[in-house]
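Structure first, then comments.
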Amino acid sequence: MADTNTDKQAPSTHRKPRTRGKKAAAQKPIATDPQSTEPRKPFVFEQTRKAMPYALNAKSTTVLDYLNRNGGRATGAFQRIAALSQLTQLHSETRTRLKEWFDCRLALSQGEITKYEAMVVSCKEDVVIEPLGIVVPESFTYTIEVTHPIFWRCIGIIEAVDRNVAEFENMWIAGLIDDDVMMESRRNGLTIITDLVTSIYQITNASRDRKGGLYSPVDFKEIMAALSPKEQEE
């Protein structure tokens, strides 16, 4: 005899989703997306020496943005060359070689700035007829903590690049040059700064993570190899 009870229903095959307890969820590591476009955190230089704050009044957005992102790395490079200069003071041969290398490197940067300035002058002669009247915000400042006189020579390079990049930015804002010229001038200007910073890091690797004191014979050997004539020519 057939079952006439129409109220009886077949058991549901739908399973309630399993849930993880709060404690277990907190312990589970969160996977990171390797393709994430989240900006990298800027390099932060922690000052551990007596210093004189210097407010660099930027004239260009380009250099100000660079300093806000990478100013810590640049300051770290300047501190390295300053520390190396101090730590080698009792070793005249290494100290002399270091000074020769640094003078040569700054001369190279200055030569690049001279070429860059010539580009600015040439471009202005073609397009600028009267003062552009561009206003720079008072907030365009970046503080560098100077711990050694050698900092001023590096700061001079940054400020020279900043002045010249600002000229291109002013012409671009006024509609006198196009985006391609602006992008190229920005890239050329920043390359002068980044090449200087990178070369200092390369040459001072022997002083990395040191806790102070004079260098050992092994350290001197590494420094002298880095300060070879071949490196100076490059």
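Numbering-wise (the UniProt record's numbering), the sequence shown opens with residue 1 and increments by one.
Virtual Cβ for every residue (Gly too), placed ideally from N, Cα, C.
Just to check my reading of the structure: residue i and residue j have Cβ atoms closer than 8 Å, yes? What is that Cβ distance to the nearest angstrom?
i	j	result
Val165	Val63	6 Å
Ile113	Ile200	Not confirmed; about 17 Å, so no contact.
Asp162	Ser60	5 Å
Val127	Leu176	4 Å
Phe78	Phe140	Not quite, the Cβ-Cβ distance comes to about 21 Å (not below 8 Å), so this is no contact.
residue 248	Lys124	Since the first residue of the chain shown is 1 and the last is 234, residue 248 is not available in this structure.
Leu106	Arg153	6 Å
Ile193	Tyr66	7 Å
Can you tell me which of the three DSSP states residue i falls into?
i	result
Val136	coil
Ala174	coil
Glu117	helix
Ile203	helix
Gln89	coil
Met1	Low per-residue confidence applies at Met1: pLDDT is 48, beneath 50, and the placement is therefore not dependable enough to give any value.
Ile129	coil
Arg49	coil
residue 236	Lying outside 1 to 234, the shown extent of the chain, residue 236 is not represented and no answer is given.
Looking at the secondary structure, which residues open and close the beta strand (DSSP E) in which residue i lies?
i	result
Asn57	Met52 to Asn57
Glu145	Thr141 to Val146
Given this structure, state the Cα-to-Cα distance separating residue i from residue j, to the nearest angstrom.
i	j	result
Arg95	Tyr142	31 Å
Ile173	Gly72	29 Å
Leu108	Ala118	16 Å
Ala55	Ile158	13 Å
Leu132	Leu84	44 Å
Arg49	Val146	9 Å
Asp103	Arg69	27 Å
Ile144	Gln110	21 Å
Glu231	Asn188	Summary for Glu231: the model assigns pLDDT 44, below 50, so the residue's position carries little reliability, and this model does not support an answer.
Thr204	Gly76	11 Å
Gln27	Ala160	For Gln27, the predicted structure reports a pLDDT of 49, less than 50, and the residue's modelled location is therefore unreliable. A value from the coordinates is still provided. Looking at the two C-alpha atoms, the distance is approximately 53 Å.
Glu138	Trp101	37 Å
Leu190	Met183	11 Å
Glu130	Asp180	23 Å
Asn170	Ala58	13 Å
Val136	Leu98	38 Å
Pro149	Pro53	13 Å
Leu214	Ala51	The predicted model places Leu214 with a pLDDT of 48, which falls under 50 and marks its position as unreliable; any figure quoted below should be read in that light. Taking the straight line from one Cα to the other gives about 22 Å.
Ser185	Gln89	40 Å
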